[in-house]
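Working notes for the structure below.
In the working numbering, the protein residues as written are 46 to 336.
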């Protein structure tokens with residue numbers, strides 16, 4: 046039982062990272078009807094920005110954190126203007142290919158600058174963790190879970206209680222009608238890209254002390270987060286959160302009780318099962334079309 050509680054805590058911590066990146070997937074998909082396959086690279090770029098500011102330049106950790114998030118917000122603007130905006134009137138396929146191309150460009154650019162050697166980033170707290178009965182609570186996992194809970198509450202408040210949040214929802218539901226109501230669709234999409242870039246960057250910064258900062262971390266997180274969005278129900282915010290947490294727990298228990306080398310495969314086995322038996326996901330609704 047002690048091991049189960051320990052694995053559950055670790056799985057929720059890892060799943061929270063997947064949930065944050067999955068949330069970025071969902072927000073961009075709802076705003077543009079396009080899957081941004083560079084979302085994982087947002088996490089990788091933010092982690093390397095933290096390495097530059099806090100390790101290479103020796104700036105205070107909190108200052109490096111704020112500057113890295115500000116840099117990701119600017120990166121979201123650049124990504125929107127450089128990748129999505131020129132293709133906004135095309136079909137979804139050219140935009141998806143453009144995001145894949147941007148993902149490859151970002152990975153190779155960081156590889157050219159830093160090389161293949163993984164980087165180490167220290168955690169926010171000097172205390173490694175606390176012992177609570179039989180369960181050891183790692184301080185970084187506690188931070189990840191706490192930040193995820195706060196962001197879930199913030200998202201609910203922002204999208205349900207604020208005018209800007211309602212404008213973003215209106216844009217995601219019907220761009221033409223939103224435009225007729227006086228909402229600047231391009232501005233709403235810009236805000237969505239900024240927010241998703243910050244979310245992805247935050248996930249990368251939070252998980253960087255747990256994992257090594259490497260070129261591959263972005264693609265690994267993105268694949269798991271993409272699977273989480275499908276499991277939860279593509280386009281559903283709650284589904285992204287639940288799917289990410291569930292995937293983290295399944296992956297952790299699978300590694301502990303079945304096989305560590307194949308732990309990444311468990312997530313995709315679950316994904317295949319959902320695609321076969323419930324393709325609309327946990328919270329998704331089956332849509333019927335008349336022929």
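We treat Cβ as the ideally placed atom computed from N, Cα and C, and that holds for glycine. Everything numeric in this text was worked out from a predicted model, so none of it was measured.
Given residue i as reference, the closest of the options once Cα atoms are compared
{"i": "residue 192", "options": "57, 159, 328, 52", "result": "57"}
{"i": "residue 256", "options": "225, 59, 111", "result": "59"}
{"i": "residue 144", "options": "86, 91, 118", "result": "86"}
{"i": "residue 169", "options": "294, 268, 253", "result": "253"}
{"i": "residue 328", "options": "88, 282, 189, 94", "result": "282"}
{"i": "residue 278", "options": "184, 126, 303, 319", "result": "319"}
{"i": "residue 263", "options": "83, 49, 310, 157", "result": "83"}
{"i": "residue 249", "options": "96, 218, 280, 154", "result": "96"}
{"i": "residue 203", "options": "187, 148, 240", "result": "240"}
{"i": "residue 128", "options": "178, 223, 80, 186", "result": "80"}
{"i": "residue 243", "options": "223, 219, 196", "result": "196"}
{"i": "residue 216", "options": "47, 304, 232, 201", "result": "232"}
Proximal residues to residue i (C-beta, below 8 angstroms), its chain only, five neighbours per side dropped
{"i": "residue 171", "result": "none"}
{"i": "residue 134", "result": "none"}
{"i": "residue 337", "result": "Past the edges of the chain, shown from 46 to 336, lies residue 337, and the structure says nothing about it."}
{"i": "residue 356", "result": "Absent from the structure is residue 356, since the part of the chain shown begins at 46 and ends at 336."}
{"i": "residue 295", "result": "56, 311, 312, 315"}
{"i": "residue 48", "result": "301"}
Own chain, CB closer than 6 angstroms to residue i, minus 5 neighbours either side, in chain order
{"i": "residue 106", "result": "99"}
{"i": "residue 157", "result": "none"}
{"i": "residue 251", "result": "189"}
{"i": "residue 139", "result": "132"}
Contact set for residue i: own chain, Cβ-Cβ below 7 angstroms, skip 5 residues either direction
{"i": "residue 236", "result": "213"}
{"i": "residue 334", "result": "Note that residue 334 scores a pLDDT of 45, beneath 50, so its modelled location is shaky; the value from the coordinates is reported in the next line. Taken in chain order, the list of residues that qualify is empty."}
{"i": "residue 269", "result": "63, 292, 312"}
{"i": "residue 116", "result": "94"}
{"i": "residue 259", "result": "163"}
{"i": "residue 123", "result": "none"}
{"i": "residue 77", "result": "129, 234"}
{"i": "residue 177", "result": "none"}
{"i": "residue 230", "result": "216, 220, 223, 224"}
Any non-hydrogen atom of the ligand SAM closer than 7 angstroms to residue i Cβ
{"i": "residue 238", "result": "Looking at this structure, you won't find the ligand SAM or any other ligand, since it has none at all."}
Whole-Å CB distance - residue i paired with residue j, under 8 angstroms assumed
{"i": "residue 238", "j": "residue 73", "result": "7 angstroms"}
{"i": "residue 50", "j": "residue 180", "result": "5 angstroms"}
{"i": "residue 88", "j": "residue 246", "result": "7 angstroms"}
{"i": "residue 175", "j": "residue 182", "result": "5 angstroms"}
Test: residue i CB closer than 8 angstroms to a CB of chain D
{"i": "residue 140", "result": "No chain D is part of this structure, which consists of one protein chain only."}
Validate contact between the region 67-79 and the region 280-289 using beta carbons, cut 8 angstroms, 3 pairs: yes
Touching by the beta-carbon criterion (3+ pairs, under 8 angstroms), the region 108-117 and the region 150-164: no
Beta strand (DSSP E) runs wholly inside the region 222-287, at least 3 long, in chain order: none
Beta strand (DSSP E) runs contained entirely in the region 168-213, provided each spans 3 or more residues: 174-177, 180-183
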